[in-house]
Amino acid sequence: MTRTTTSRDDEAERLRRWRLVLGGGGAADGTGHELRGRDAAMDGALTALYGRQKGTDGQGTDRGRRTAGLGASAPAVARWLGDIRTYFPSSVVQVMQRDAIDRLGLSALLLEPEMLEAVEADVHLVGTLLSLNRVMPETTKETARAVVRKVVEQLEKKLATRTRATLGGALDRSARISRPRHRDIDWDRTIRANLKNYLPEHRTVVPERLIGHGRTAQSVKKDVVLCIDQSGSMAASVVYASVFGAVLASMRALDTRLVVFDTAVVDLTDQLDDPVDVLFGTQLGGGTDINRALAYCQSRITRPAETVVVLISDLYEGGIRDEMLKRVAAMKASGVQFVTLLALSDEGAPAYDRDHAAALAALGAPAFACTPDLFPDVMAAALEKRPLPIPDMAEQR
């Protein structure tokens, strides 16, 4: 193939991509490239969601206003959902579904079982379903639970192993003792710690320092309280926190409590064996009363020096601000490790109340957004009372 032919092919591909990006009503729409076959079908799916509408100022100008192209017909939406799954990868499908729900007002159609069976399930779809939970008809709830369970099981598979390994190591380190009884000596770690004292003539190691297993290795060592803001903007965080709550609850060395709140407080600890039940026990939306939620959590703390409280909230407080800060200060003074997460999701830092975040930081409880991958390391540091691995907030925006 000659260089000229290659250049022409590259130019044709460039025009093809621009044509798909620009969309429009014309066959070539100013690019000189006409879409055919699969490309035309892809363009049709994109136009249905992102199509442009001519202005209404009488000039026929294109104002770039995006409008609905799917209508309110369930069969039409079902066909469109099938088309985008055919033409685009799963990650793109999830974005397009999210845009369709947000931009075209298709939430009501998710109340129909056949629609739920057609969509690509992800964390954001789960958040949408949870927000519709109170108006969802009984005929749809079984299908909705199946969709939510599929996402939850995927998240557990992805997150559980590393979480248990990371926190298990942190708990083991916190349980070791330096003057163990003979039966409690951790011989492997003791030998490694004393290799510098190896005596070749005697072919032995002189153990100057013994490292032991904690005698309470099988008992509860730490208490964890997850306090989750269930306002509408925190949907993805609620999903991830519920999954992590179930994982933490499965660890015998942790006593885990999960509390969700808006202007009311609900303790979902007894449902932690099934994170799907936890999620359907939430009610996304409504106001926010962080002070009331922290008051409840504070009342359940019996071993402050062995307790980690994780507040997951954007900090837009509708309750009593000063009381909220006093509670955080009191918990920290009693020995509680207090962690404030503005979000627990892959989206980075959300909109949040910067004044409250600064006030918490001044109390020694800096607020930051945390990805699911980082959460085990944050919890491990809190359990060991080490500095938290706080990401750069500038990079999260």
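Under our numbering, the letters of the sequence shown match residues 570 to 966, in that order. Glycine included, every Cβ here is placed at the ideal spot set by N, Cα and C.
Cβ-based burial, residue i [other Cβ within 10 Å; buried from 16]
| i | result |
| --- | --- |
| V807 | buried |
| D773 | Note on residue identity: the sequence assigns Thr, not Asp, to residue 773. Classification for T773: exposed. |
| V905 | buried |
| A862 | buried |
| E582 | exposed |
| P956 | exposed |
| A899 | exposed |
| A928 | buried |
| D883 | buried |
| A551 | Residue 551 lies beyond the residue range present for the chain, which begins at 570 and ends at 966; the question has no answer from this structure. |
| P658 | exposed |
| A609 | exposed |
Cβ neighbours of residue i in the same chain (closer than 7 Å, five flanking residues each side left out)
| i | result |
| --- | --- |
| F944 | F813, L913 |
| T697 | I670, S676, L679 |
| A641 | The predicted position of A641 is uncertain, since its pLDDT is 49 and thus under 50; a value taken from the coordinates is nonetheless stated next. The answer is none, since no qualifying residue turns up. |
| R654 | V662, E689 |
| A889 | The sequence given here has Ile at residue 889, not Ala. Cβ within range, chain order: N860. |
| M893 | I859, N860, L863, E886 |
Rounded straight-line distance, which links the Cα of residue j to that of residue i
| i | j | result |
| --- | --- | --- |
| G856 | H925 | 17 Å |
| P706 | A833 | 25 Å |
| N763 | P769 | 14 Å |
| A614 | V794 | 45 Å |
| T851 | L841 | 13 Å |
| V704 | T712 | 15 Å |
| L694 | R667 | 7 Å |
| L584 | S660 | 24 Å |
| D824 | C866 | 14 Å |
| V879 | K901 | 12 Å |
| L853 | M665 | 22 Å |
| R923 | E886 | 11 Å |
| G624 | R672 | Note on G624: pLDDT 41, under 50, position unreliable in the model; the coordinate value appears next. Each residue's Cα considered, the two are about 19 Å apart. |
| V897 | D652 | 51 Å |
| D798 | K895 | 19 Å |
| R869 | W587 | 59 Å |
| G933 | P960 | 16 Å |
| R731 | M820 | 13 Å |
| N766 | D755 | 17 Å |
| D757 | M948 | 26 Å |
| C939 | C796 | 15 Å |
| D839 | G917 | 30 Å |
| V847 | A936 | 25 Å |
| S576 | L589 | 20 Å |
Any non-hydrogen atom of the ligand SAH closer than 7 Å to residue i Cβ
| i | result |
| --- | --- |
| L848 | You won't find the ligand SAH in this model; it holds no ligand whatsoever. |
Own chain residues within Cβ distance below 6 Å of residue i, not counting five before or after
| i | result |
| --- | --- |
| L740 | K790, A822 |
| M611 | Y656 |
| D946 | P958 |
| V835 | V829 |
| D691 | Q663 |
| V908 | V879, A951 |
| A874 | G904 |
Residue of the options minimising C-alpha distance to residue i
| i | options | result |
| --- | --- | --- |
| V816 | T735, V905, V834, S659 | T735 |
| M803 | Y619, A920, K765 | A920 |
| T708 | D755, I870, E916, M684 | M684 |
| D831 | S800, N860, V847, Y809 | S800 |
| A729 | A864, L827, A818, L604 | A818 |
| R826 | D858, V877, I859 | V877 |
| D915 | R733, Y809, K710 | Y809 |
| D891 | E681, R731, I859 | I859 |
| E516 | A805, G738, E681, E686 | Outside the shown range of the chain, which is 570 to 966, sits residue 516, and nothing can be said about it. |
| K710 | E681, T838, K765, M948 | E681 |
| A805 | I881, R761, H771, R733 | I881 |
8 Å Cβ shell around residue i - same chain, five flanking residues per side excluded
| i | result |
| --- | --- |
| P844 | V721, E725, S811, V812, G814, A815 |
| F849 | L699, N702, R714, V717 |
| R872 | D792 |
| E686 | T712 |
| K719 | A690 |
Within the region 686–762, note down every full alpha helix (DSSP H) run reaching 4 residues or more, in order along the chain. For the region 686–762, whole alpha helix (DSSP H) runs of length 4 or above, ordered along the chain, are 692–700, 707–744, 756–762.
Quick check for students: name the residue ranges of the beta strand (DSSP E) that lie wholly in the region 826–867, counting only runs of 3 or more. Listed in chain order, the beta strand (DSSP E) elements of length 3 or more contained wholly in the region 826–867 are 834–836.
Extract the residue ranges of the beta strand (DSSP E) inside the region 882–956, only unbroken runs of 3 or more that lie entirely within it. Complete beta strand (DSSP E) runs here, min 3: 906–913, 936–939.
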